[in-house]
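Residue numbers (the UniProt record's numbering), protein chains in the order written: chain A, 1 to 478; chain B, 1 to 355.
All C-beta atoms, glycine included, are put in the ideal place defined by N, C-alpha and C.
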């Protein structure tokens with residue numbers, strides 16, 4: 001029920017604001033309190049549905065649109081869950097992955113069915129944010145909103161999902177702390193920071209969701225921790241253990257904020273200087289925590305060498321998969337990128353196919369960078385390890401499909417074929433002679449347009465007979 | 001090229017020159033054709049602008065074909081009211097009774113005994129099993145003539161019909177009732193084709209291709225519109241092997257328009273080598289990017305689409321193979337059970353062509 005209520009709240013937020021998506025990041029208390037995907041509602045462009053042929057009443061139309069958007073959000077989540085499972089299976093071999101793919105429900109979405117914007121929404125589910133890291137983490141740590149305009153242009157160090165946002169055209173992302181997590185909303189429009197909108201969004205969300213739930217400590221979250229915890233990478237597990245003290249510190253902040261409401265308001269109104277100060281303070285604390293984490297990792301290495309070796313092997317394996325995937329699939333995925341273009345981009349892409357290729361190369365390059373960072377950078381962004389894994393699953397899936405299709409791209413032609421090879425005819429006389437305007441599609445037009453119109457007259461003529469002996473023939477049982 | 005000759009002489013010349021094409025002549029002009037999904041049998045519907053028409057069943061030997069082995073089975077011919085606009089066998093090969101569906105003033109299902117073709121001398125003619133008539137539901141005396149239909153391969157209890165009254169009707173043939181009826185277009189609907197998962201598309205005299213999803217009946221997508229305003233679209237073929245691709249034919253046009261579901265509105269290719277209007281198009285049953293078209297120029301052309309849509313050359317795509325029948329080809333089918341065989345119909349002849 002909590003999930004359903006959360007989705008209803010997110011739907012109300014996205015539709016009231018007419019933004020592209022809304023989602024809820026929730027703490028995952030079992031693994032050191034990182035923010036993970038709790039629920040999401042997608043309210044943006046859908047590739048395969050564009051127009052209404054019937055003219056339903058306005059109220060009915062709205063209900064249908066709402067229902068369709070909710071259904072789409074659920075389908076996106078199901079696709080993500082399937083990719084997760086496929087990723088786990090593929091580590092055990094190609095055969096298993098094929099088997100998994102063949103078991104998918106026929107009605108499920110495929111990656112090819114998504115717009116770039118839906119892609120951004122879906123891939124966000126693979127992220128998790130320790131407090132203070134990423135937009136949701138920062139919003140949670142400082143108990144204040146984070147508003148990012150130009151999300152599709154900033155460096156990925158500022159906004160971890162900048163690459164995806166660039167492809168999807170997401171320009172504005174806002175993270176707003178709420179009682180049990182962080183509310184994130186995003187849109188393809190460029191919107192400048194607006195405190196009124198933030199209060200409005202939070203109000204809608206709490207009206208739908210918060211009133212029915214007493215504030216609870218993160219250890220007693222009403223979401224399903226087991227589901228979310230499975231998103232954690234082993235490295236992240238260790239990371240989160242080290243951050244427990246950070247979480248406690250945040251609770252102290254929260255208590256102080258409750259006691260000093262006036263101070264909080266003043267702090268909010270003071271402007272960017274205060275924000276920068278907070279950022280610097282958090283950064284310092286984070287550095288201390290990271291040093292502790294490094295020490296802990298070192299200890300783990302000494303006490304449990306097998307785990308460390310396994311972790312390193314996994315990393316090497318994924319790195320190799322990424323490299324192979326990039327080199328082998330670039331051409332095929334350029335085609336995919338071209339095919340996946342949205343309506344408004346189709347003409348441009350047909351005229352200038354370099355653009356999607358550039359976008360894809362950019363993504364590949366970033367992936368390579370992600371897999372050759374310094375240890376310190378890697379520790380700073382552990383959530384990135386999950387996203388590439390999911391992407392590798394998708395590349396693998398596309399490779400399988402392409403291989404299957406390649407088998408049947410060849411048309412065998414028999415030596416005894418009735419057909420002959422095409423040769424370009426020369427001379428225009430033949431063209432003129434062969435065209436016979438008087439016989440243009442004669443039979444086809446007759447079948448579609450003339451004969452059907454004559455059914456009624458024949459039926460009229462036949463009616464007296466059909467009441468008598470013709471009935472016995474069985475052609476017109478009555 | 002050789003100068004055109006009178007049709008009969010040209011046909012004889014073509015046949016004499018091509019020992020790998022097999023011809024069966026029937027008493028009447030032929031329009032509708034259908035291959036059986038499980039037996040080496042071809043159904044052919046006559047085209048007489050009259051109430052009385054006939055459907056013939058022809059047998060062929062797919063392994064060692066001879067002129068004698070491609071013949072009509074007189075015992076299995078049956079009368080049919082009005083010329084059938086489409087014929088199609090039940091898509092499941094394993095179905096015990098071989099059902100054949102036909103469309104004209106109504107949708108009819110026939111039981112065709114194809115199990116033992118050798119015993120045709122004593123077999124009974126196909127038996128009419130049911131008539132699915134819109135009048136029962138509309139309580140009206142006016143009929144709604146059908147221009148085409150398509151049998152859902154994934155859910156064979158579903159047949160979608162296209163009608164000149166602007167509707168598409170989805171029938172549940174096991175219960176003999178209408179599952180859904182949609183006002184699909186602004187004008188007559190000329191053809192319908194199933195895609196995947198309860199999705200179907202239709203073409204219309206209003207010049208559009210529309211895509212419908214049975215899970216969301218309130219919406220449809222206008223997928224393509226003919227470039228000349230109000231030029232009707234006449235036929236539609238959906239690639240069964242790669243559901244991204246569709247092909248459609250325009251009235252008074254020699255072009256075959258190929259569409260890609262991932263790029264709505266803009267054709268991935270327009271095939272322009274017919275020298276007269278195109279009448280029929282079919283996708284290869286076991287290849288993703290091959291299709292065959294036939295037209296008033298008497299030619300059947302096999303095309304291969306480029307792997308990359310952007311690779312279509314400015315001067316257009318040439319077909320890879322060509323067959324010249326010597327007369328206007330009105331119908332074309334590519335056998336799913338025997339992918340090396342194509343059948344065409346022209347005048348009163350049905351021909352079996354080996355790919």
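### Message
By alpha-carbon positions, which one of B:260, B:49, B:77 and B:19 ends up nearest to residue 66 (chain B)?
### Response
B:19
Report task. Could you name the residues that DSSP lists as bridge partners for residue 246 (chain B)? Result -> Answer is B:238 and B:259.
Residues of chain A with CB under 7 Å from residue 290 (chain B), in chain order?
411
Please state the DSSP three-state secondary structure of residue 192 (chain B). strand
Chain B residues whose Cβ lies nearer than 8 Å to that of residue 68 (chain A):
Residues of chain B passing the Cβ test: 216 and 219.
| query | Which stretch, first to last residue, makes up the beta strand (DSSP E) that contains residue 25 (chain A)? | reply | 21-28
message = Distance check for residue 15 (chain A) and residue 70 (chain A), CA to CA, integer angstroms please.
response = Between residue 70 (chain A) and residue 15 (chain A), the C-alpha separation is close to 11 Å.
#### Entry: Simplified DSSP assignment, three categories, for residue 142 (chain A)
helix
Contact between the stretch 149-166 of chain B and the stretch 177-194 of chain B (3+ Cβ pairs under 8 Å)
yes
### Query
Can you list, in chain order, the residues of the stretch 272-298 of chain B whose Cβ is nearer than 7 Å to any Cβ on chain A?
275, 276, 277, 279, 284, 286, 287, 288, 289, 290, 296 and 297
Element boundaries [beta strand (DSSP E), containing residue 300 (chain B)]: Per DSSP, the unbroken beta strand (DSSP E) holding residue 300 (chain B) starts and ends at 299-304.
**Study point:** Under 8 Å (Cβ pairs) to chain B, residues found in the stretch 440-451 of chain A
**Key:** 440, 441, 442, 443, 444, 445, 446, 447, 448, 449, 450 and 451
**Asked** Hey, is residue 121 (chain A)'s beta-carbon within less than 8 Å of any beta-carbon in chain B?
**Response** no
Requested in this report: Report yes if the CB atom of residue 305 (chain B) is closer than 8 Å to the CB atom of residue 289 (chain B), and no otherwise.
Outcome: Less than 8 Å separates the beta-carbon of residue 305 (chain B) from that of residue 289 (chain B).
Below 6 Å CB to CB, which residues in the same chain sit around residue 359 (chain A) once its five sequence neighbours on both sides are set aside? Because residue 359 (chain A) sits at a pLDDT of 35, beneath the cut-off of 50, its placement in the model cannot be relied upon, and the following sentence gives the value as read from the coordinates. Once the five neighbours on either side are set aside, the close Cβ partners of residue 359 (chain A) are 167.
Check your understanding: Name the chain A residues that come within less than 7 Å of residue 203 (chain B), Cβ to Cβ?
Key -> Within 7 Å Cβ-Cβ: nothing; residue 203 (chain B) doesn't reach chain A, min ~10 Å.
field: Own chain partners of residue 417 (chain A) with C-beta closer than 8 Å, once the 5 adjacent residues on each side are dropped
entry: none
(request) Could you tell me how far apart the beta carbons of residue 85 (chain A) and residue 251 (chain B) are, in whole angstroms, since I believe they sit closer than 8 Å? (result) Not really, about 49 Å apart at Cβ, beyond 8 Å.
So residue 252 (chain B) contacts chain A; which residues on that side make the cut at Cβ distance below 8 Å? Those are 440 and 441, listed as they occur along chain A.
| request: Assign residue 422 (chain A) to one of three DSSP states: helix, strand, or coil. | output: coil
* Asked: Are the Cβ atoms of residue 177 (chain B) and residue 169 (chain B) separated by less than 8 Å?
  -> no
**OP:** Could you give the DSSP three-state label for residue 196 (chain A): helix, strand or coil?
**Re:** helix
Would you kindly work out how many angstroms separate the C-alpha atoms of residue 144 (chain B) and residue 104 (chain B), rounded to a whole number? 9 Å
- Message: Any beta carbon of chain B sitting closer than 8 Å to that of residue 73 (chain A)?
- Response: no
(Q) Just checking: is the beta-carbon of residue 424 (chain A) within a distance shorter than 8 Å of some beta-carbon in chain B? (A) yes
Beta-carbon gap between residue 184 (chain A) and residue 25 (chain A) smaller than 8 Å: yes
Notebook entry, point to check: If we cut at 8 Å on Cβ distances, does residue 200 (chain B) have a partner in chain A?
Noted result: Not one chain A Cβ lies under 8 Å of residue 200 (chain B).
- Query: Pick from B:37, B:324, B:166 and B:291: whose alpha carbon is nearest that of residue 449 (chain A)?
  - Reply: B:166
- Query: So who's on the other strand from residue 321 (chain B), going by DSSP bridges?
  - Reply: For residue 321 (chain B), which the question treats as bridged, DSSP gives the partners A:421 and B:302.
Can you confirm whether the stretch 269-286 of chain B touches the stretch 233-241 of chain B when touching is taken to mean that 3 or more C-beta pairs between the two stretches lie within less than 8 Å? yes
Measure the alpha-carbon distance for residue 23 (chain A) versus residue 13 (chain A) and round it to whole angstroms.
If I take the Cα positions, the gap works out to 10 Å.
Find out if the Cβ-Cβ distance for the pair residue 55 (chain B), residue 72 (chain B) is shorter than 8 Å.
No, these two residues do not count as a Cβ contact at 8 Å.
- Query: Hey, quick one: how far does the beta strand (DSSP E) through residue 168 (chain A) stretch, first residue to last?
  - Reply: Counting along the chain, residue 168 (chain A) falls outside any beta strand (DSSP E), though it belongs to the alpha helix (DSSP H) covering 162-168.
(request) Give every residue of the same chain whose Cβ lies closer than 8 Å to the Cβ of residue 81 (chain B), excluding the five residues on either side of it in the sequence, and list them in chain order. (result) 51, 52, 53, 104 and 105
Check: Between residue 199 (chain B) and the rest of its own chain, which residues show a CB-CB distance below 8 Å, the 5 nearest in sequence each way excluded?
Finding: 211, 212, 213 and 214
- Query: residue 335 (chain B) by DSSP, collapsed to three states: which one?
  - Reply: coil
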